[in-house]
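In my numbering, the protein residues as written are 415 to 538.
By construction, the Cβ of each residue, glycine as well, lies at the ideal position given by its N, Cα and C atoms.
Since the structure is predicted, the reported quantities are computational estimates derived from the model, not experimental observations.
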Amino acid sequence: MVTSHFYVGIKCDIGWLNQKSRLSPTSDGKNIYTLSKQIFDDTWNGEGIHQVQVTALDPTALQHQQFDLFTDTVEPNASLNSAIDKINQRYGEFTVAPASIMDRSNMPNVISPAWRPSGHRKTI
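Below is the structure:
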């Protein structure tokens, strides 16, 4: 699945600061992180943050996307990301992961629902 439309929202004391952005179609987490960080740096003014949301809008299967005639649409790490995804699907989440997230806390990979902020639920 790839998408080119992303929504990044930051909930702070004054409400939601949000922005929609467009990239060339991607499923690369590094590209999505870079876009999210750029939007965060552009919109956040130093106030307290309660929630951060990154949403991929209108994901499509790779074979059903329309390519741009004038830009290079091949992601340089597409085959590497695909191989990592296959290994992680077969042997479990984070079998292959960036060194920067190794030895992180033992928190489960879950999102707490807004109505129960101290509890956990399984991510989608």
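DSSP three-state assignment for GLY546, whether helix, strand or coil: Shown here, the chain extends from 415 to 538; a query on residue 546 therefore has no answer.
Go through its chain and collect everything with a Cβ distance to HIS419's Cβ below 6 Å, but skip five positions before and after it. So the qualifying residues of the chain are ARG436, LEU471 and ASP472.
Excluding the 5 residues preceding and the 5 following ASP442 in the sequence, name in chain order all residues of the same chain whose CB lies nearer than 8 Å to its CB. Closer than 8 Å at Cβ, skipping near neighbours: GLU489, ASN491, ALA492 and ASN495.
On the criterion of 16 or more Cβ atoms from any shown chain inside 10 Å, does PRO439 qualify as buried, or is it exposed? By the neighbour-count rule (16 or more Cβ atoms within 10 Å), PRO439 is buried.
Cutting at 8 Å between CB atoms, please list the residues of its own chain near LYS444, excluding the five before and the five after it. These residues qualify, in order along the chain: ASN491.
Within 10 angstroms of its Cβ, does ILE538 collect 16 or more other Cβ (buried), or is it exposed? Confidence at ILE538 is low in this model, with a pLDDT of 45, below 50, so the placement of that residue should be treated as unreliable; the coordinate-derived value is given next. Flag for ILE538 reads exposed.
Considering just the uninterrupted stretch of the beta strand (DSSP E) at ALA470, what are its terminal residues? Residues 463-471.
Just the Cα atoms here: how many angstroms apart are LEU431 and ILE501? Approximately 37 Å, taken between the alpha carbons.
Classify LEU483 as helix, strand or coil using the three-state DSSP reduction. For LEU483, the three-state secondary structure derived from DSSP is coil.
Using only CA atoms, which one of THR469, ALA513 and MET516 lies nearest to GLY423? Considering only THR469, ALA513 and MET516, the residue with the shortest C-alpha distance to GLY423 is THR469.
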